[in-house]
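Taking it in order: structure first as structure tokens, then the write-up.
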Amino acid sequence: MLGLQLPLLVTVQINMELLLLTLLAFWTRLSQLSYPNAVVFDEVYYGQFVSLYMKRVFFIDESGPPLGHMILAVGAYLGGFDGNFLWNRIGAEYPSGVCVWSLRLLPAVCGSLCVPLVYLLILELRLTHCTALGAALLLLLENSLIVQSRFMLLESVLIFFQLLSFLCYLRFHNAPHSSWSRYCWLLLSGASCAAAVGVKYMGVFSYLLLLGVACLHTWQLIGDRAVSHVSVCVQCVCRCVCLLLVPLLLYVFWFYVHLSVLYRSGPHDQLMSSAFQASLEGGLSRITQGQPLEVAFGSQVTLRSSASQPVPCWLHSHKANYPIRYDNGRGSSHQQQVTCYPFKDVNNWWIIKDPGRQELVVSTPPHPVRHGDIIQLVHGMTSRFLNSHDVAAPMSPHAQEVSGYIDFNVSMPAQNLWRVEIFNREAESEVWKTILSEVRLVHVNTSAVLKLSGVSLPDWGFRQLEVVADKLNKGHQSSLSWTVEEHRYGTMCVCAGQEQKEREAELHSPTHIDVDSNISFWAKFLELQWKMLTVKQEESEHKYSSSPLEWITMETNIAYWLHPSTNAQIHLIGNPVSWGVANLSLSAYQLLALVYLLRRRRGIKDLPDDAWSQFVAVGWLCVGGWAVNFLPFFLMEKTLFLYHYLPALCFLFLLTPALLEHTHSHLLSCLAHRRALCVCALAAAASVFLSYRTFCPLTYGRPELSANQLQDLRWRESWDILYRRR
Numbered sequence: 076m077l078g079l080q081l082p083l084l085v086t087v088q089i090n091m092e093l094l095l096l097t098l099l100a101f102w103t104r105l106s107q108l109s110y111p112n113a114v115v116f117d118e119v120y121y122g123q124f125v126s127l128y129m130k131r132v133f134f135i136d137e138s139g140p141p142l143g144h145m146i147l148a149v150g151a152y153l154g155g156f157d158g159n160f161l162w163n164r165i166g167a168e169y170p171s172g173v174c175v176w177s178l179r180l181l182p183a184v185c186g187s188l189c190v191p192l193v194y195l196l197i198l199e200l201r202l203t204h205c206t207a208l209g210a211a212l213l214l215l216l217e218n219s220l221i222v223q224s225r226f227m228l229l230e231s232v233l234i235f236f237q238l239l240s241f242l243c244y245l246r247f248h249n250a251p252h253s254s255w256s257r258y259c260w261l262l263l264s265g266a267s268c269a270a271a272v273g274v275k276y277m278g279v280f281s282y283l284l285l286l287g288v289a290c291l292h293t294w295q296l297i298g299d300r301a302v303s304h305v306s307v308c309v310q311c312v313c314r315c316v317c318l319l320l321v322p323l324l325l326y327v328f329w330f331y332v333h334l335s336v337l338y339r340s341g342p343h344d345q346l347m348s349s350a351f352q353a354s355l356e357g358g359l360s361r362i363t364q365g366q367p368l369e370v371a372f373g374s375q376v377t378l379r380s381s382a383s384q385p386v387p388c389w390l391h392s393h394k395a396n397y398p399i400r401y402d403n404g405r406g407s408s409h410q411q412q413v414t415c416y417p418f419k420d421v422n423n424w425w426i427i428k429d430p431g432r433q434e435l436v437v438s439t440p441p442h443p444v445r446h447g448d449i450i451q452l453v454h455g456m457t458s459r460f461l462n463s464h465d466v467a468a469p470m471s472p473h474a475q476e477v478s479g480y481i482d483f484n485v486s487m488p489a490q491n492l493w494r495v496e497i498f499n500r501e502a503e504s505e506v507w508k509t510i511l512s513e514v515r516l517v518h519v520n521t522s523a524v525l526k527l528s529g530v531s532l533p534d535w536g537f538r539q540l541e542v543v544a545d546k547l548n549k550g551h552q553s554s555l556s557w558t559v560e561e562h563r564y565g566t567m568c569v570c571a572g573q574e575q576k577e578r579e580a581e582l583h584s585p586t587h588i589d590v591d592s593n594i595s596f597w598a599k600f601l602e603l604q605w606k607m608l609t610v611k612q613e614e615s616e617h618k619y620s621s622s623p624l625e626w627i628t629m630e631t632n633i634a635y636w637l638h639p640s641t642n643a644q645i646h647l648i649g650n651p652v653s654w655g656v657a658n659l660s661l662s663a664y665q666l667l668a669l670v671y672l673l674r675r676r677r678g679i680k681d682l683p684d685d686a687w688s689q690f691v692a693v694g695w696l697c698v699g700g701w702a703v704n705f706l707p708f709f710l711m712e713k714t715l716f717l718y719h720y721l722p723a724l725c726f727l728f729l730l731t732p733a734l735l736e737h738t739h740s741h742l743l744s745c746l747a748h749r750r751a752l753c754v755c756a757l758a759a760a761a762s763v764f765l766s767y768r769t770f771c772p773l774t775y776g777r778p779e780l781s782a783n784q785l786q787d788l789r790w791r792e793s794w795d796i797l798y799r800r801r
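In the numbering used here, the protein residues as written are 76 to 801.
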């Protein structure tokens, strides 16, 4: 206790502005969060994924990575949600056992925290507390952000991580270079970037913006002769680790958790490969469990096309022939049809035959089929050989017909030899493996490759998919690749007199040979990542869809919820005054920046270096943040909605007060002009508040308005506000 002086004093500084703003943000976003007690707009979409998380059932959402869904699932888990709710329509009432408040809690918390984050961001740009207060108030009183935060949606979560990443990076950049603890901020910035990308792929563009700024700052660091070579190297390595390696590892980690939690088979399995499906509990794994790993001569197999997405299909044949002549007058071989059938069926089974022996059973020990081996494929139910010849395919005349060979004694010899080529082999003597191997079947006589053309056959082909043999394909294409999905070591002797029921019984009987067909996490991660980036849902027009140009002027709105019997309703409508001021600020900054650049090019510096650096920093953060969150939508072929503009809008709300401060400090020298600007700013702030209050009934769904009052809120003819006249 030597040297300790009493009493001990602890000094705490509290920013009352920031504290009050934070409390108001939580009050506007969290109050009466359980209202309405019904499914609101896209809750019907995200709720289905939350239910699947609760039941540990695998799913894939091609619209974004899994972190956002996991955050929503955490809120549901905290509320005791068991996933037993049918998310089938907007407006469906939640049962009493569902904690609606918990489902919506985390998006609301993220939306609330965006307000203090904006305040702190403005301070890190070296602007005043008054400017920070203005930016925070614009976010606080923005009706569209409040609506989007109060429901089980992801935009508020995305905005939170975007703002947090920029705040942490500016904290790192502004900290004294002698303090190595500042790299904690850089590490948190990288983690926030990974989280933003993990919520929605749109977060990639903000991450790239931050990376670009970080690269510029690093380049300036390298040119600083006052910093030692060793220090420069160490700092560059730290920046690479925090902004490149850590986000990459965290992004992979989100998928690791996703795949670890969702280990059961579900409705989205068919999007994935047979190997992926077999790794899930239930579904295909119940069928493939215990089946032999190595395909041998005499094996009974089903062959799934790798190109049959999103609906799978299997190589198939049946007792029906190609028509003698097609509608266009072309002739065919009139042999048995071979197609690709999108349903499990006994006619999907084929037998791998050794051309050098007559037996159709697996020898003892089994003789495995290897890369480069010549095989014949015998259809299990009709005993026809898979055949191809120089006859044009029915729907793809540039390719060869594939048929089940029938000897009609018309000088058309059998051409039924196929060479097995394994794409993903590790050695030239690779054995053909069930589920794991992707093979190409090359017709020996013509060198054409068995291929799914993807074209549907006419009624005579039962609308099944056409299979052809194509000479023109080179390289690895999914339409050329086939995978053995179901596999049996059979004992059936295929002969003409055998009854069909006996064949069906043989083809359905399992063999019990335990094989571990689990695939690694990295294989599952890469496949899932590829599917998310390439598999697209069928886009359809939506009543409330809109184009990016309509967002700027808020030409459209979205009806999120309508009360079934009253005029109470919730709409995604922004604060018209805030949007107008934000658009004006964007135009003014761009014009002002152009004037500054032209004058600086002529050697005229209107601003001191510090003020110019601050003006540029405001530009890259606010205008750059707006651009990267808005312009990419012009290149996207997907259904777009007004809420896609909200991340970009948040950055404009930062720009508006920053530009006002710049105008007050550097463009107006007359005291009267400065006072006039302050009066205009206060008038604009009052207008923002009055506009917020005016649209509150459409933001919270309360109080209920009359038809005339709702009509008065229709400030634009294009807005879709519904009401019942009484």
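All C-beta atoms in this analysis are idealised placements derived from N, C-alpha and C, irrespective of residue type, glycine included. Here the structure is a predicted model, which is why all the values come from computation and not from measurement.
Is the region 178 to 197 touching the region 100 to 112, taking contact as three or more C-beta pairs under 8 Å? Cβ pair count under 8 Å is three or more, so yes.
Note down the Cα distance separating alanine 702 from histidine 719, rounded to an integer number of angstroms. The C-alpha of alanine 702 lies about 13 Å from the C-alpha of histidine 719.
How should leucine 511 be labelled, buried or exposed, when 16 other C-beta atoms within 10 angstroms of its C-beta is the threshold for buried? That one is buried.
Beta strand (DSSP E) segments (min. 3 residues) lying fully within the region 371 to 433: Whole beta strand (DSSP E) segments, 3+ residues: 374 to 380, 389 to 396, 411 to 416, 424 to 428.
Leaving aside the five residues before and after phenylalanine 101 along the sequence, list all residues of the same chain whose C-beta is less than 7 Å from its C-beta, in chain order. Excluding its 5 nearest sequence neighbours in each direction, phenylalanine 101 has C-beta neighbours in its own chain below 7 Å: Ser187, listed in chain order.
Give the DSSP-derived three-state secondary structure of valine 87 in the structure shown. In this structure, valine 87 counts as coil in the three-state DSSP scheme.
Cα-Cα separation between phenylalanine 235 and cysteine 189, rounded to whole angstroms: Looking at the two C-alpha atoms, the distance is approximately 5 Å.
Per DSSP, glycine 278 is paired with what? Answer is none; glycine 278 lacks a bridge partner.
So if DSSP puts leucine 461 in a beta bridge, which residue, or which two residues, is it bridged to? Partner(s): Gly479.
Over the uninterrupted alpha helix (DSSP H) stretch that includes leucine 529, give me the two end residues. For the record, residue 529 in the displayed sequence is glycine; it is not leucine. Element bounds for glycine 529: not the alpha helix (DSSP H) but the beta strand (DSSP E), 524 to 531.
Taking contact to mean at least 3 C-beta pairs separated by less than 8 Å, is the region 455 to 465 in contact with the region 397 to 404? Not touching, per the Cβ criterion.
Aspartate 534: buried (16+ other C-beta within 10 angstroms of its C-beta) or exposed? Counting the other Cβ atoms within 10 Å of the Cβ of aspartate 534 gives fewer than 16, which makes it exposed.
Alpha-carbon spacing of threonine 206 relative to glycine 655, whole angstroms: Answer to the nearest angstrom: the Cα atoms are 18 Å apart.
Which of helix, strand or coil does DSSP assign to arginine 179? DSSP places arginine 179 in helix when its eight states are reduced to three.
Would you report the Cα separation of histidine 617 and serine 781, rounded to the nearest angstrom? Between the C-alpha atoms of histidine 617 and serine 781 there is a straight-line separation of about 28 Å.
Rounded straight-line distance, which links the Cα of phenylalanine 726 to that of cysteine 697: The alpha-carbon atoms of cysteine 697 and phenylalanine 726 are separated by roughly 5 Å.
Valine 691 and leucine 200: beta carbons closer than 7 Å? Result no, Cβ atoms of valine 691 and leucine 200 do not sit closer than 7 Å.
On the DSSP letters alone, give me the boundaries of the beta strand (DSSP E) that alanine 544 sits inside. DSSP places alanine 544 in the uninterrupted beta strand (DSSP E) bounded by 540 to 545.
Whole-Å CB distance - aspartate 545 paired with valine 524, under 8 Å assumed: Right, their Cβ atoms sit about 6 Å apart.
When Gly122, Val763, Glu736 are compared against arginine 750, the one with the closest alpha-carbon: Of Gly122, Val763, Glu736, the residue nearest in Cα terms is Glu736.
Closest Cα partner of alanine 468 within the set Val444, Glu503, Ser504, Gly529: In terms of CA proximity to alanine 468, Gly529 leads the group Val444, Glu503, Ser504, Gly529.
Let's test the definition: count the other Cβ atoms within 10 Å of the Cβ of isoleucine 588 and tell me whether it reaches 16, buried, or not, exposed. Reliability fails at isoleucine 588, whose pLDDT of 40 lies under 50, so the model's placement of it is uncertain and the value that follows must be treated cautiously. Exposed, by the Cβ-count rule.
Over the uninterrupted alpha helix (DSSP H) stretch that includes tryptophan 597, give me the two end residues. 596 to 609 is the extent of the alpha helix (DSSP H) around tryptophan 597.
Put leucine 516 into one of helix, strand or coil per three-state DSSP. Assignment of leucine 516 by DSSP, reduced to helix, strand and coil, places it in the strand class.
Ordered list of beta strand (DSSP E) runs contained in the region 713 to 767, each at least 3 residues: Counting only runs of 3 or more, we get nothing.
Which partner residues of isoleucine 449 appear in the DSSP bridge assignment? The partner list for isoleucine 449 (beta bridge, DSSP) reads Arg494.
Just to confirm before moving on: does the CB-CB distance between leucine 797 and histidine 646 stay below 7 Å? No, they are not a contact pair.
Using only the alpha-carbon positions, how far apart do cysteine 415 and proline 443 sit? Those two C-alpha atoms are separated by around 26 Å.
Sort out for me which residues DSSP pairs arginine 563 with in a bridge. Answer by DSSP bridge pairing, in chain order: Gln375.
Residue interval of the alpha helix (DSSP H) (run including alanine 151): 142 to 153 is the extent of the alpha helix (DSSP H) around alanine 151.
Is it a yes or a no for the region 595 to 609 touching the region 747 to 767, going by three-plus beta-carbon pairs under 8 Å? With the cut-off at 8 Å, the region 595 to 609 and the region 747 to 767 do not touch.
Own chain partners of glutamate 541 with C-beta closer than 6 Å, once the 5 adjacent residues on each side are dropped: Counting only residues of its own chain and dropping the five nearest sequence neighbours on each side, glutamate 541 has a CB closer than 6 Å to the CB of Met470, Ser528, Val530, Leu532.
In three-state terms, what does DSSP make of proline 585? Reliability of the predicted coordinates at proline 585 is poor, the pLDDT of 45 falling under 50, and no value is obtained from them.
Tell me, please, which residues DSSP counts as bridged to glutamine 644. Leu637.
Would the region 626 to 636 and the region 728 to 743 be scored as touching if the rule is three or more Cβ pairs under 8 Å? When C-beta atoms of the region 626 to 636 are compared with those of the region 728 to 743, fewer than three pairs fall below 8 Å, so the two segments do not count as touching.
From Trp794, Ser762, Lys130, Val376, pick the residue whose C-alpha is nearest to that of glycine 155; which is it? The shortest C-alpha separation from glycine 155 is found at Lys130.
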